[in-house]
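**Student:** In terms of the working numbering, the sequence shown opens at residue 451 and continues consecutively. Sharing a structure, written as C-alpha cells. Questions coming.
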Amino acid sequence: MPYESTNELPKSVRNLPSRAKALYMKAFNSCWEETEDSEDALREKASHEAAWSAVKEQYEKDDQTGEWVKSEEMSGKRSRHVMRHRKSRPSGAAFQAKAHA
451 MPYESTNELP KSVRNLPSRA KALYMKAFNS CWEETEDSED ALREKASHEA AWSAVKEQYE
511 KDDQTGEWVK SEEMSGKRSR HVMRHRKSRP SGAAFQAKAH A
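So this is what it looks like as C-alpha cells:
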C-alpha cells in the first residue's frame, strides 16, 4: 500500500531526517506502482528494499551519533577527522630519522 504522508511510514524510518523520509516515501510509492502485477507481500518487500536503497544512496548513519546525515556531510566529517589524525601523527623524514636514531 502506498504512503500518503511521512507520518504513515514504519517505525524503522521515523528516525530519518524529514527529507530522507520524503525520499523513502517517494521511492516506496514509485516501486509499489511499478510492481502492481506482483503479489502484495512481495510487492511490499521490494518497495521497502527500493526505498532503503534510495535513502542509503544519499544518506549515511553516523557511527558516533547514530543520526542519519547527507553523505556529503559524512564525507566532510571524515576528511576533517583524517586531517586532524594526520596532523597529530608524526611522519616524513623527521619521523624516520628519530625512529632510526
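No residue lacks a Cβ here, since even glycine has one placed at the ideal position from N, Cα and C.
1. Under the rule that 16 or more other beta-carbon atoms within 10 Å means buried, what is SER529, buried or exposed?
2. I think TYR474 touches ALA496, with their Cβ atoms under 8 Å apart; what is that distance to the nearest whole Å?
3. With a threshold of 8 Å, are at least 3 pairs of Cβ atoms found where one atom belongs to the region 461 to 478 and the other to the region 486 to 493?
4. Among the residues of its own chain, which have a CB less than 6 Å from the CB of ARG493, if the five just before and after it don't count?
5. What is the DSSP secondary structure of TYR509, reduced to helix, strand or coil?
**Tutor:** Reading from the atomic positions:
1. For SER529, the predicted model reports a pLDDT of 45, less than 50, meaning its position is unreliable and no value from the coordinates is stated.
2. Incorrect: roughly 14 Å between the Cβ atoms, too far for contact.
3. Taking a contact to require three or more Cβ pairs closer than 8 Å, the region 461 to 478 and the region 486 to 493 do not qualify as touching.
4. Short of 6 Å from the beta carbon of ARG493, and not among the five residues preceding or following it, lie these beta carbons of its own chain, in chain order: THR485.
5. TYR509 falls in the strand class under three-state DSSP.
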